[in-house]
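Residue numbers (the working numbering), protein chains in the order written: chain G, 1 to 477; chain H, 478 to 954.
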């Protein structure tokens with residue numbers, strides 16, 4: 001890669017421009033979970049398409065239909081942006097997948113800065129969606145821009161396609177169907193799928209070879225026809241909140257054991273090889289504890305901890321809709337309460353089976369209470385886990401690129417979070433996937449004060465440039 | 478009461494004016510639980526004082542100090558309005574207690590109309606605070622106005638004092654001290670305390686001789702230093718929400734049995750006499766069920782149901798602050814969650830003892846979980862129950878007034894809700910109290926679509942007029 005110094009120089013000299021573009025993108029409140037923010041999501045997709053079009057890409061905004069709301073109404077899904085740079089049949093073709101929607105964020109959740117105003121503090125760029133996933137998407141775009149700018153000396157070494165969506169944070173609604181529909185058209189000549197929607201485990205760069213899936217449930221308990229005064233009615237009605245707490249308390253034991261029959265039995269056993277890999281990974285339990293601010297973790301050795309983060313399922317209760325949630329006091333008996341909880345999926349769990357296991361279990365637990373209230377369990381997200389072969393040439397290319405840019409061997413890691421579409425890409429196209437993260441280990445995805453460091457954003461762009469160079473030298477299928 | 482027809486005519490002919498005043502009062506969002514609404518609370522007290530002053534009352538706005546917020550800051554408490562009409566030592570002196578603060582309400586909670594825009598639908602006046610307690614306070618004011626207007630033929634038969642506060646809905650912060658301070662001044666010549674901060678049990682008018690108290694608790698579980706991504710961290714941390722649900726689930730059994738040791742043991746046993754009184758009360762279980770919209774109640778016979786509504790304690794979990802409570806999905810592990818629950822107090826429970834029982838119990842249950850998270854239990858309201866003697870002449874006067882206006886015998890009932898100050902009035906002044914409700918049984922206090930019917934508002938005013946006439950004939954102490 002003899003022209004590497006030029007490309008590096010190009011990236012370094014465009015740093016401020018990259019940060020400004022990220023600032024423009026973060027300023028759009030593309031929160032896909034909030035229907036009221038849907039116009040912002042549409043605008044975000046338009047901005048993405050515009051950016052790629054201005055670079056000379058062959059760009060389309062693909063209509064993927066509508067989303068049905070719980071009240072029966074429908075709203076348009078954000079269109080999916082596809083783009084193509086280069087169509088040389090002698091070159092490899094990669095398809096970069098990313099998303100530009102974000103998790104909810106409000107200043108009053110405990111952000112130190114306005115979540116939609118990218119704020120640089122000591123080289124960290126704070127803002128909702130900065131790391132998840134706007135900066136990585138932009139880093140791929142800057143990669144293409146850099147090669148284009150230096151076209152005379154080093155042309156884009158592979159054909160690059162993009163699929164950028166706007167519903168990832170709520171389960172990639174509509175994307176599965178679109179991928180299936182484009183299998184024999186847009187995706188037909190793609191050799192590899194590249195995804196950078198995750199982060200490193202430590203300060204050491206990493207390649208990711210697995211993600212957990214996610215089954216997200218609503219458990220709704222409905223009682224009286226409206227909220228009641230707890231003094232006037234308390235003691236005479238069977239309260240939905242009591243029922244809901246009762247059934248939620250049967251999901252998981254204090255020590256983290258999932259109590260839903262069949263879930264633990266489905267999990268693939270931990271192999272000796274895996275155990276050894278986990279042993280070798282750079283991971284400091286003390287710094288992990290201090291980063292999240294707890295005195296004790298669920299497990300106190302590295303292997304158990306990593307295994308339960310990556311390759312075992314877990315249950316989280318996120319919260320309850322319909323109950324009193326404001327500061328202060330209110331003496332209400334909430335009439336209808338909806339718990340939100342999710343179970344992270346791992347091989348060999350199957351979301352369809354999990355849906356039945358959870359529904360049956362909660363219904364049976366609820367039946368034992370003999371409550372007149374009504375329980376309705378629905379699974380609103382059912383995303384499968386994904387697992388790659390770390391011996392695949394794509395990963396060898398990844399190791400070489402990391403070595404070139406950072407001069408270290410990457411950690412081979414899995415991701416506790418979910419990139420719902422990875423499994424679909426694999427199943428539909430039959431092509432191999434690599435996850436090439438550039439986010440930092442402490443970026444605070446989905447939390448208050450999410451950030452992307454300038455270092456990871458800029459060096460990450462260089463990593464992608466190096467990676468395309470490596471991929472160009474893989475044997476064409 | 479030979480001038481009764483004139484007074485009735487006066488009230489009927491001023492109906493629209495009364496409704497308009499109620500509309501003006503409901504328009505003020507005097508939500509005492511929300512510190513941001515404190516200016517509205519202050520304005521509400523000013524409006525109340527102004528109204529009483531315009532009627533020629535001797536009015537004071539009594540400064541009762543400041544409220545300390547959880548963050549250590551302080552805000553001014555709404556002043557208490559005192560007023561006096563008449564000081565004839567040959568007459569009885571009554572003191573009407575009421576409040577003009579309200580529970581929280583937002584259109585999106587499920588109100589059919591704007592909660593702060595009094596809306597007349599088929600003779601029902603919908604609005605937050607309409608029944609609790611603005612219309613009853615106004616009905617007492619209209620009572621004085623009516624006697625004043627007809628002064629030439631029928632002067633105010635008793636001296637009337639008012640104590641109107643603005644913090645009732647959050648525990649009457651500061652009022653206890655003020656009552657104690659005014660025991661030998663403003664309250665020194667008061668013979669009876671009249672309170673109309675409750676409702677009838679059915680369509681039959683009622684006199685209320687007891688209320689439950691309320692101990693309101695916050696149980697806070699704090700874990701990581703900030704919210705975490707449930708994919709990235711789920712399985713490695715002991716989640717505060719799991720702990721909180723676990724301890725909440727130990728408060729009450731599915732059948733409504735309170736599980737906190739010592740609570741049930743403290744309750745006064747149900748006497749045969751009480752049992753008989755309950756038997757005689759007009760109360761239709763089927764219409765109660767259909768009103769609140771449930772197919773089954775906690776008990777299916779009248780006596781058990783009324784007893785558990787009025788004279789047994791109950792636990793309600795109102796909600797959780799700090800968890801995800803919005804519609805849609807969010808894959809968060811909340812870092813700090815605060816459950817809000819309350820226990821209604823009855824004779825012979827003692828809030829100080831209950832505080833210790835609950836705190837000790839939750840701490841012991843939490844300790845068994847061996848969680849590294851931190852639990853903090855605080856009691857933010859501790860209001861005592863109140864119980865009167867139904868043989869007292871005040872109640873005989875009440876029966877006579879009800880008979881005169883409605884031509885029926887009133888039900889003698891208790892109230893499941895709390896009027897925190899009743900017990901204080903009794904303890905400090907040593908005077909007798911009567912609760913004379915005019916609110917309807919279906920007014921939806923603290924719920925969506927709270928209302929006061931025109932019928933109850935107007936006939937209730939007539940009841941108060943008749944009641945003052947009856948009280949005037951009680952033997953002066």
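Glycine residues also receive a C-beta, built at the ideal position from the N, C-alpha and C atoms.
As the structure is a prediction and not an experimental result, all values here were calculated from the model.
Please report whether the beta-carbon of residue i lies at a distance below 8 Å from any beta-carbon of chain H.
i              : result
residue 314(G) : yes
residue 42(G)  : no
residue 124(G) : no
residue 295(G) : yes
residue 107(G) : no
residue 323(G) : yes
residue 172(G) : no
residue 340(G) : yes
residue 214(G) : yes
residue 204(G) : no
residue 249(G) : yes
residue 89(G)  : no
residue 263(G) : no
residue 99(G)  : no
With 16 other CB atoms within 10 Å as the buried threshold, where does residue i fall?
i              : result
residue 310(G) : buried
residue 344(G) : buried
residue 746(H) : exposed
residue 71(G)  : exposed
residue 611(H) : buried
residue 592(H) : buried
residue 111(G) : buried
residue 896(H) : buried
residue 931(H) : buried
Using a C-beta cutoff of 8 Å, does residue i count as contacting chain G?
i              : result
residue 551(H) : no
residue 610(H) : no
residue 606(H) : no
residue 825(H) : no
residue 838(H) : no
residue 498(H) : no
residue 847(H) : yes
residue 807(H) : yes
residue 946(H) : no
residue 729(H) : yes
residue 626(H) : no
residue 775(H) : yes
What do you reckon, are the CB atoms on residue i and residue j nearer than 8 Å?
i              : j              : result
residue 572(H) : residue 638(H) : yes
residue 330(G) : residue 731(H) : no
residue 431(G) : residue 192(G) : yes
residue 704(H) : residue 448(G) : yes
residue 817(H) : residue 324(G) : yes
residue 203(G) : residue 450(G) : no
residue 775(H) : residue 889(H) : no
residue 557(H) : residue 536(H) : no
residue 190(G) : residue 93(G)  : yes
residue 380(G) : residue 186(G) : no
residue 171(G) : residue 41(G)  : no
residue 402(G) : residue 410(G) : yes
residue 466(G) : residue 414(G) : no
Give me the subset of the segment 696 to 718 of chain H whose CB atoms are less than 9 Å from a CB atom of chain G, sorted by chain position. Across the segment 696 to 718 of chain H, CB contacts with chain G closer than 9 Å involve 700, 701, 702, 703, 704, 705, 706, 707, 708, 709, 710, 711, 712, 713, 714, 715, 716 and 718, in sequence order along the chain.
### Query
Which of the residues in the segment 382 to 404 of chain G, read from start to end, lie with their CB under 8 Å from any CB of chain H?
none
Could you give the uninterrupted runs of the alpha helix (DSSP H) lying entirely in the segment 877 to 917 of chain H, keeping only those of 4 residues or more? 898 to 906
Quiz item: Unbroken beta strand (DSSP E) runs of length 3 or more, entirely within the segment 119 to 148 of chain G: which are they?
Solution: 119 to 121 and 124 to 126
Exercise for review: Any chance you could list the alpha helix (DSSP H) runs of at least 4 consecutive residues sitting entirely within the segment 340 to 370 of chain G, in chain order?
Suggested key: 351 to 369
Contact residues within the segment 447 to 468 of chain G, judged by C-beta distance below 8 Å to chain H:
447, 448 and 449
Exercise. Just list the alpha helix (DSSP H) runs in the segment 227 to 281 of chain G, keeping only unbroken ones of 4 residues or longer that don't cross its boundaries, in chain order.
Key: 230 to 233, 240 to 248 and 272 to 280
Quiz item: Which ranges does the beta strand (DSSP E) cover as unbroken runs of at least 3 residues, wholly within the segment 850 to 877 of chain H, from first to last along the chain?
Solution: 851 to 860
Q. Where in the segment 488 to 528 of chain H do unbroken runs of the alpha helix (DSSP H), each at least 4 residues long, occur, reported from the N-terminal end onward?
A. 492 to 503
Check distances from the C-beta atoms of the segment 411 to 422 of chain G to those of chain H and list, in chain order, the residues that come in under 7 Å.
-> 416, 417 and 418
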